[in-house]
Structure formats: structure tokens, C-alpha cells
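Shown next, in C-alpha cells, is the structure this report addresses.
Protein chains: 2
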Amino acid sequence: MTSLPAMLNTVRAHGLRVSTARRLVLAALLDAGEPLTAEQLAAGGDLASTYRNLETLESIGLVRHVHLGHGPGRYELSGRSAGWAACDTCGRATPLAPPALAAIQRAVREHAGYEAAFTHFPIVGRCEACRT
Amino acid sequence: MTSLPAMLNTVRAHGLRVSTARRLVLAALLDAGEPLTAEQLAAGGDLASTYRNLETLESIGLVRHVHLGHGPGRYELSGRSAGWAACDTCGRATPLAPPALAAIQRAVREHAGYEAAFTHFPIVGRCEACRT
DNA sequence: ATACTTGCAAATGATTTGCCAGTGT
DNA sequence: ACACTGGCAAATCATTTGCAAGTAT
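Here the protein sequences line up with chains A and B, keeping their order. FYI, this note's numbering numbers position 15 of the first sequence as 15, with every residue one higher than the one before it. For any residue, its number in this note's numbering is found by taking its place in the second sequence, counting from 1, and adding 1000.
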């Protein structure tokens, strides 16, 4: 589901309305190269409504949010990335390639007994560049 | 450094004062079996001062805080645990045994290029029990 | 017409800051 | 004495909630 019309159909399919605000949020997420904050997505409009819309769009599976270290949560289309790693030194986030993610998940499952997706809470550490 | 007097010496060694509030915070952390919130550590006393003391004690390396999923940060003595995994379903946190932690860190380093301690931001996922 | 949505104000939870009185050294 | 601390009020940041007015279907 990578097209705006398809997403709007999903919205209608859930008995929800297609409003200008929702169209704008989805369009902004579609051409964003990274997860955006609610404030960025509100873009001067009403923040509270933006949070409400993001929550609604998450509840129907179109949107997801990730906590990249400290600071506000960031939103993205739910199909966009497999999982995240974030650097707590430079603040940059790296999407994990599916094979790398799978290998890490296997290690976590085997050694800690946890099933971790790293989509909502990423791996936080120091990236290659910041290890100097 | 597992004794209260030793920690108080560290406080003095940094030119800081040993106040009742600081002694109480350190004593509480010493016999806590898990990381505690600032509110728990304030225990009816002044929350703002407690936050300030925790920050001071962190700055001299005695204390550390961890973000176990959503909710307030939690504080622990910095020597206490190697790293954490937290379950976003039941909310429980599991300290990682050093060998398990090392294996996971190796996988993260190899496959993502990140150096992750999991002491400040843990591995968040679903624990064995919650996977039903 | 009738829900569903918006916009604005106000509340909430976690944490920080300003300021002055209090206290460890 | 003097600088470091404590306590209290108020500010800040991210997010949520209440409610009356607006709009998609």
C-alpha cells in the first residue's frame, strides 16, 4: 500500500472520513524520507487534531510511530521500514535491512528470550561514524 | 563500589556535599531490587531536588537511568546491571546476563554497525511469557 | 441530517528552572 | 563564612481530553 488513493480507501473502509487534514498527513508521510514529528506534520495547523489523526491512522494500520531516543515521537507509514537503529550521539536513525534485522532478532530471541521488532522502540547505540 | 560509605566518599571526592537527601537516595538504590522512579525515590520529599540529585549523582558516575518503554525514567546504581530487556506487553524488565548481552551486542555490531549498551535504552520487545 | 472532525482551551505527566532560605564543610 | 543544597512555585515539553462549531457522507 504505497499510494495515497489506496490509503484513502482504507480510511473509508473503516467507516472513517477522508478529511483535508488526514489527506495532508498521509501525503506528507508519503514523500517524507524519514519519520516526522507530530509538530512537523501539523505544519502550522492544529497540533491536537494532528495527534488525534495520527492515533486514528495508527489504529487502522496505516501509520506507526517510533521513539528514536529522547525527544518527541516520530511517525511514518507502517510499511516503510523493517526496523530502526538510532544513534544517541549524533541523533541520526538508520533503517535496518531485513536480513540484518532478522539476524539481530535471532540473537535477541536466542540469548534473551525476547521477540523484538525494533519498529516502535529501536536499537539505540552509537553509530559507526560516531565511534570515531 | 557496592557500599554506601564508599559512594559517599566518591561524592566528597568530587567536591560535592553529603546531604541527608543524597544519602537517602543512595541508600534506597542500594537495597532496591530494580530501577526506581524519581517519584519513588523522592518518597514524599521534594521531587525537583530529587531529580537534581539524581542528575548530579549520574554526572559523577554513581547512578544511571534507563527508559523501560513508556512511562517515567528509572534510576539504578550504575554498577548494578549489564543491560536491560523490557517487555512492552507486561511491562516487566529483565537484566541481561553478561554472556547473553555480549552475544547480542556482537550481532548488532556486525549486522547494523552499531555499538549498543542497552543500559540507557533497553531492548524492548515481547518476553517469553507474553508470547503465550 | 447525522455522525464524524476540527480547533481552541485547558488538563496531564515527566522533568527542568528560578529563586531564596537553609546547611554541610 | 561561603558555597553548595533544599524546598516551593512556576515554566517547559510532549501529549491528551473536553467541548462547541464545522463538514464529509
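The beta-carbon is built from N, C-alpha and C at its ideal position, and this holds for glycine as well.
To the nearest angstrom, how far is the alpha carbon of Arg106(A) from that of Leu96(A)?
14 Å
Step through the CB atoms of chain B and report whether any lies within less than 7 Å of the CB of Ile104(A).
yes
Expressed to the nearest angstrom, what Euclidean distance is found between the alpha-carbon atoms of Thr89(A) and Ile1060(B)?
20 Å
Alpha helix (DSSP H) runs contained entirely in the region 32-80 of chain A, provided each spans 4 or more residues:
38-42 and 47-59
Rounded C-alpha distance that separates Ala1102(B) from Leu54(A):
38 Å
Identity of the residues DSSP links to Cys87(A) by a beta bridge
In the DSSP output, where bridge partners are listed per residue, Cys87(A) has Gly125(A).
Using only the alpha-carbon positions, how far apart do Arg22(A) and His67(A) sit?
22 Å
Ala129(A) burial status per 10 Å Cβ neighbour count (16 or more: buried):
exposed
Report the rounded CA-to-CA distance for Tyr75(A) versus Arg12(A), giving the unit in angstroms.
Our two residues, Tyr75(A) and Arg12(A), have alpha carbons roughly 21 Å apart in a direct line.
Taking the continuous alpha helix (DSSP H) assigned at Thr1010(B), which residues delimit it?
Leu1004 to Ala1013
Thr1010(B) touches chain A at which residues, Cβ-Cβ below 9 Å?
Those do not exist, as Thr1010(B) stays about 25 Å from chain A at its closest Cβ, beyond 9 Å.
I think Thr1050(B) touches Ala1032(B), with their Cβ atoms under 8 Å apart; what is that distance to the nearest whole Å?
Wrong, their Cβ atoms sit about 14 Å apart, outside the cutoff.
Are the C-beta atoms of Glu128(A) and some chain B residue less than 7 Å apart?
yes
Alpha carbon of Thr1020(B) to alpha carbon of Gly1071(B), nearest angstrom
Looking at the two C-alpha atoms, the distance is approximately 28 Å.
Contacting residues, own chain, Cβ-Cβ under 7 Å from Ala27(A) (five flanking each side not counted):
Leu4
Go ahead and label Leu30(A) buried or exposed: buried means 16 or more other beta carbons lie within 10 angstroms of its beta carbon, across all protein chains shown.
exposed
Could you check the C-alpha separation between Ala93(A) and Gly15(A) for me, to the nearest Å?
Inter-residue distance for Ala93(A) and Gly15(A) is about 35 Å (C-alpha atoms, whole angstroms).
Return the residues of the region 1050-1081 of chain B that lie within a Cβ-Cβ distance of less than 7 Å from chain A, sorted by chain order.
Gly1069
Assigned exposure category for Val18(A) - 16 Cβ within 10 Å defines buried
exposed
Anyone know if the C-beta pair for Phe121(A) and Val1063(B) falls short of 7 Å?
no
Val25(A) versus Gly91(A): straight-line alpha-carbon distance, rounded:
Cα-Cα distance, rounded: 24 Å.
Limits of the unbroken alpha helix (DSSP H) element including Ala27(A)
Thr20 to Leu30
Quick one: which chain B residues come within Cβ less than 8 Å of Arg131(A)?
Ordered by position in chain B, the residues that pass the 8 Å Cβ test against Arg131(A) are Glu1115.
Would you say the beta carbon of Ala97(A) comes nearer than 6 Å to a heavy atom of the ligand FMN?
This structure simply doesn't include the ligand FMN, nor any ligand for that matter.
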